[in-house]
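Protein chains in written order, with my numbering: chain A, 1 to 280; chain B, 1001 to 1381; chain C, 2001 to 2282.
Glycine included, C-beta positions come from ideal geometry on N, C-alpha and C.
One structure is given below, encoded as structure tokens.
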Amino acid sequence: MSSTARISNSNWLFLHAVCVFAFLYLPIAVLILYSFNREGVGGFPPHHLTLDWYRTLFGDGPMWDSVLNSLQVAAVAMAISLALGIPAALALDRAQFPGKALFRRLVLLPLILPGIITGLSLLMLFNLTNTKLSLATIILGHGTALISVATTEVFAGLQKLDRSQEEASLDLGANYWQTFWRITVPNLKLPIIGAALLIFTLSMDEIAVSFFLIGRDNTLPLEIWGRLRRGITPEINAVSAIIFVFSLVAIVLWYRLRVRGEGQPDVGTEITAAAEGQMV
Amino acid sequence: MGHFVTAGGCSNSAKSMITSEIPMASAPELKSRTTLLSVRKVAKQFGKNVVLKEISLEVAEGEFLTILGESGSGKTTLLRIIAGFEKASAGEVWMGEDRLDLQPPYRRRVNTVFQNYALFPHLTVEQNVAYGLRVAKRPESEIASRIAEALEKVKMSAHAKSKPSKISGGQQQRVALARALVNRPRLLLLDEPLSALDANLRRQMQVELKALQREVGISFIFVTHDQEEAMVMSDRIALLRSGELEQVATPREIYGRPATAYAAQFIGHTNLLKGDVKSGVVCCGDLTWTSDRPDGPVLFSLRPENIRLLSQTASLPTLVRVQGKVVAQAFHGATELIRVQCAGGLVLVVRAPASTSPLDEVLLAFSPIDAIPVTKSAERI
Amino acid sequence: MFSRAYKAAVTLPPVLWVVIFLVTPYALMFCYSFWSVSAAQTIVHSWNLANYGVLLHVDVYWQTLLRSMWIAARVTIFSLLLGYPLAYFLSFRAGGKKDLLYQLVIIPLWVSYLVRAYAWKTILGSDGVLNTLLQYAHVTKHPLEFLLYSPFAVVLTLTHIYTPFAFLPIYAALEHIPRSLVEASHDLGASPAQTFWKVILPLSIPGAIAGATFAFVLSLGDFLAPLLLGGPSGIMISNIVVSLFGAAYNWPLGAAISLCMLMLVVSLLFFSERLEKKWSFS
Chain A
1 MSSTARISNS NWLFLHAVCV FAFLYLPIAV LILYSFNREG VGGFPPHHLT LDWYRTLFGD
61 GPMWDSVLNS LQVAAVAMAI SLALGIPAAL ALDRAQFPGK ALFRRLVLLP LILPGIITGL
121 SLLMLFNLTN TKLSLATIIL GHGTALISVA TTEVFAGLQK LDRSQEEASL DLGANYWQTF
181 WRITVPNLKL PIIGAALLIF TLSMDEIAVS FFLIGRDNTL PLEIWGRLRR GITPEINAVS
241 AIIFVFSLVA IVLWYRLRVR GEGQPDVGTE ITAAAEGQMV
Chain B
1001 MGHFVTAGGC SNSAKSMITS EIPMASAPEL KSRTTLLSVR KVAKQFGKNV VLKEISLEVA
1061 EGEFLTILGE SGSGKTTLLR IIAGFEKASA GEVWMGEDRL DLQPPYRRRV NTVFQNYALF
1121 PHLTVEQNVA YGLRVAKRPE SEIASRIAEA LEKVKMSAHA KSKPSKISGG QQQRVALARA
1181 LVNRPRLLLL DEPLSALDAN LRRQMQVELK ALQREVGISF IFVTHDQEEA MVMSDRIALL
1241 RSGELEQVAT PREIYGRPAT AYAAQFIGHT NLLKGDVKSG VVCCGDLTWT SDRPDGPVLF
1301 SLRPENIRLL SQTASLPTLV RVQGKVVAQA FHGATELIRV QCAGGLVLVV RAPASTSPLD
1361 EVLLAFSPID AIPVTKSAER I
Chain C
2001 MFSRAYKAAV TLPPVLWVVI FLVTPYALMF CYSFWSVSAA QTIVHSWNLA NYGVLLHVDV
2061 YWQTLLRSMW IAARVTIFSL LLGYPLAYFL SFRAGGKKDL LYQLVIIPLW VSYLVRAYAW
2121 KTILGSDGVL NTLLQYAHVT KHPLEFLLYS PFAVVLTLTH IYTPFAFLPI YAALEHIPRS
2181 LVEASHDLGA SPAQTFWKVI LPLSIPGAIA GATFAFVLSL GDFLAPLLLG GPSGIMISNI
2241 VVSLFGAAYN WPLGAAISLC MLMLVVSLLF FSERLEKKWS FS
């Protein structure tokens, strides 16, 4: 009796799961499908498969410029976030200082705060200091907002790191600096690489903060945004499909990494941690 | 579990010595040696929790000193203060002419073998051993010969290229030793290094470790909660309890002449007898014997092996005798522990050669010199 | 074991950075909200509460704020309705496929936000995929106009984007429930449904609160999806802020609105944390 009820419950759950997955993947499927459609976006069923949109895309100078800009921004923002996020995690793990709890919350805030607030408040700072808006201001914005990612990942890694590793190093005559580079960093290799990958991807995709800090040069999302405002261009489908493929590559890389380093934090735990406003 | 070490120890030492204070005596052969490390009134508290209370302790050159205590006694904290991982709340640590406690851990000529070995998982055995020499920027040729020598000493040369995760616990133990000793420290600290090994390997490592210490001649401070291990290996034992030293003495001394009831109970089995001295006669329930102690209440420790089972006919006038009924017998191999309910509510535990037949009524006897007066300590927790 | 110098070296740089690039900008936002703009389009640095008065008395501002909250609330509810059963299915019924399915939920997160919002536009438009499909299948003769440029489109898109965010904390909470508790419940005679309502649901509440907070806060501050898909009736509060910082050039008023949003978000985070604590038993 109860077993039939259970089976039907399971079936409902299964059906629900299928629907949710369909909902999540529908737009992505449509994008990819219509990037090969000669008539461009819309119109069912799609016919006349073509690679024209990809050809247009490859000849599109401004688009590629924006890709290069985005890559630069993401690389430098990643370096900044790591350079500050790793010490921040160390500080949270092992130093006591007044305002520590507040500092922890502040560092994590940009991850859950709507990007518009981070973007606008920084815009006011740059305005006040007469800083000309450029890729550099976007980098500062991304770097600041994404410290949270580096901090949560590295902090989680530190929680699992056996403290006696560093003690042994100090005991064997290595000073703090040597210990950091020879023991702490190698032991945190996976969280650090993971954070770097995540920061890079998030920065490549970021638009809400960049929206307010943009100067003359566009990042890729802002370039796409500009074109979307002017109307639907099927070229966007092509570039989106390419971004999707690159994202998939990043995911696979990430997954490989995770398999090697059992139980490392992933984008999921990252979001979970941020949502719970605390570190796992 | 037999403590055969005791046999000689008690008979020649117990000339009714009165030891009301914690004796700081060291073994005779060490008296001439110079002091290497001196811990002076070191105290430590974490918040309100007092972990160490004014500990003073000296370690001689080439000495094997064991800090023995239950978990929570503060023994690891004391070790970590000497290594430099914790700051003492008060007191000083000196090594020769140098004030050690002001230096960071990496400037101290002290190395540690950690409880879980703390081998660096991303480095090979060889790289682990070379670590201290590399950070000290020794020339590579010297590093190569010294790690080869160190690995040879602990019989791990064959595993030089392995990662720590690929070798067994006992092997990791040896690598941790090599990694510490290769730096030629003046003092080696070992934090329960054998606790992760199984019983057989553990016994073997006890012997090897002791032999290694003799060979290299470096002072060892060895932390353990295992009293048997402490007795087998140490030149001296410092018995720590709730952040205070109960007794510091050679294993023989601490077993044969425990200073406190706690020391007597923690190291080996004992019977604690509450007695009263009145004009040279001790009264302990129905038992009496003569003593030159001053009048007043006194507590005696009487080891089970110092009580004999007498045949009814024997007559030995110097012995204290008591009749009793056997309530339990626990077989321990060569010996057995017999619990005897005596007249006057007294219960004595006796260690006797294992007998083939169950016992019932017995006559017990012991020599008054084996009843060691000890200071009272609070009950064991 | 770490010296003061070490602690200072790891603490000072990030703290300084946070003070310069987070605290100062927030403080600046606070200051701006009390300033005003002159007729000559310059910022007047005199302190008054006029901007907050405008917020209270000009209908469009507080109405838009309320509408944004209503949109965010709907997004939250739908995300939970989609995310919770999915998380439950993965955690308790998916068996060996669990990890794969989990990755499948994560993957859309890696696909550009903008690109996914744009994809919905191509689906919902009057000559978009959905309408042409419906006409092709003779369900309707004329394209359904309400699909795009409406609050509906915004809610749908934001739900699509934030469902994984709601899912993740719930899934984590469900995964942390010791399976022995479920077995104990069955052992004591509870049916699967009873076990769900009496054991699993209460223990997963903190995860659900965290997921809901995330979905609500992030969709509340969104301005790109409304711009792209919302039309005039789908305008949200952030769109007003954007125009105040742009063409309308009234930074002080924009700062006042942003500060209200910031306060709203921070107090929401505060209360959700309280709630989570109340519901967590470990």
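Query: Residues of its chain near A/Thr138, where Cβ-Cβ distance is below 6 Å and the 5 sequence neighbours each way are ignored; Result: Thr is not the amino acid found at residue 138 of chain A; the sequence shown has Ile there. Excluding positions up to five away in sequence, the list reads Val73, Ser210, Leu213.
Query: Residue from B/Val1223, B/Glu1092, B/Leu1346 whose Cα sits closest to the Cα of B/Asp1191; Result: B/Val1223
Query: Chain A within 7 Å of B/Ala1130, Cβ atoms only; Result: no
Query: Buried/exposed call for B/Glu1063, threshold 16 Cβ in 10 Å; Result: buried
Query: Cβ separation of B/Pro1258 and B/Ser1234, assumed to be a contact under 8 Å, to the nearest whole Å; Result: About 15 Å; that fails the 8 Å criterion.
Query: Member of B/Arg1241, B/Asn1271, B/Ala1176, B/Ile1267 whose CA lies at the smallest distance from the CA of B/Val1232; Result: B/Ile1267
Query: Rounded C-alpha distance that separates C/Ser2091 from A/Tyr25; Result: 21 Å
Query: Those runs of the alpha helix (DSSP H) which lie wholly inside the segment 2198-2276 of chain C and span at least 4 residues; Result: 2201-2220, 2237-2245
Query: Any chain B beta carbon closer than 7 Å to A/Leu188; Result: no
Query: Within chain C, partners of B/Phe1085 - CB distance below 7 Å; Result: Met2001
Query: Cβ-based neighbour list, A/Leu170, same chain, cut-off 8 Å, excluding 5 preceding and 5 following; Result: Tyr176, Thr179
Query: Residue closest to C/Ala2184, alpha-carbon to alpha-carbon, out of C/Glu2175, C/Leu2174, C/Thr2195; Result: C/Thr2195
Query: Neighbour flag for A/Met78 against chain C, beta carbons, 7 Å; Result: no
Query: Residues near A/Ser200 by beta carbon distance below 6 Å, same chain, minus five either side; Result: According to the sequence shown, residue 200 of chain A is Phe rather than Ser. Answer for A/Phe200: Ala74, Met78, listed in chain order.
Query: Cβ pair C/Val2154, C/Ile2237 closer than 7 Å; Result: no
Query: Within chain E, the residues that A/Asp162 reaches when beta carbons sit closer than 8 Å; Result: Within the model displayed, chain E is absent; protein chains A, B and C are what it includes.
Query: Contact under 7 Å by Cβ, C/Ser2033 with C/Ala2248; Result: no
Query: Environment of C/Ile2020 [buried if 16+ CB atoms lie within 10 Å]; Result: exposed
Query: Nearest-angstrom Cβ-Cβ length linking B/Cys1284 and B/Gly1296, presumed shorter than 8 Å; Result: About 13 Å; that fails the 8 Å criterion.
Query: Secondary structure of B/Leu1203, DSSP reduced to three states; Result: Checking the sequence, you will find Arg at residue 1203 of chain B rather than Leu. B/Arg1203: helix per DSSP, three-state reduction.
Query: CA-to-CA distance, A/Gly173 to C/Tyr2006, given in whole angstroms; Result: 16 Å
Query: Where the segment 8-20 of chain A meets chain C: residues whose CB sits under 9 Å from a CB there; Result: Asn9, Ser10, Trp12, Leu13, Phe14, His16, Ala17, Cys19, Val20
Query: Neighbour flag for C/Arg2116 against chain A, beta carbons, 7 Å; Result: yes
Query: Of the listed residues C/Ala2094, C/Leu2101, C/Trp2062, C/Leu2218, nearest to A/Ile348 (C-alpha basis); Result: In the structure as shown, chain A begins at 1 and stops at 280. Residue 348 of chain A is therefore absent and cannot be evaluated.
Query: CA-to-CA distance, B/Glu1305 to B/Tyr1262, given in whole angstroms; Result: 18 Å
Query: Own chain residues within Cβ distance below 6 Å of C/His2045, not counting five before or after; Result: Trp2035
Query: Cross-chain neighbours of B/Ala1136 in chain A, by beta carbon under 7 Å; Result: Gly173
Query: Spatial neighbours of A/Val154 in its chain, beta-carbon cut-off 7 Å, leaving aside the 5 residues before and after; Result: Gly85, Ile86, Ala89, Leu188, Pro191, Ile192, Ala195
Query: Given 8 Å, three or more beta-carbon pairs between the segment 1142-1149 of chain B and the segment 1211-1223 of chain B; Result: no
Query: Check whether B/Leu1402 and B/Gly1091 have beta carbons under 7 Å apart; Result: The displayed coordinates of chain B run from 1001 to 1381. Any statement about residue 1402 of chain B would go beyond what the structure contains.
Query: CB contact check: A/Arg94 to chain C, cutoff 7 Å; Result: yes
Query: Buried or exposed (CB count within 10 angstroms, at least 16 for buried), B/Leu1364; Result: buried
Query: Chain A contact residues for B/His1122, given Cβ-Cβ distances below 8 Å; Result: Pro186, Asn187, Lys189
Query: Residue of C/Leu2181, C/Ser2243, C/Pro2108, C/Tyr2052 minimising C-alpha distance to A/Ala22; Result: C/Pro2108
Query: Residue from B/Thr1288, B/Gln1341, B/Gly1333 whose Cα sits closest to the Cα of B/Pro1317; Result: B/Thr1288
Query: Whole-Å CB distance - A/Pro110 paired with A/Ala208, under 8 Å assumed; Result: Not really, about 11 Å apart at Cβ, beyond 8 Å.
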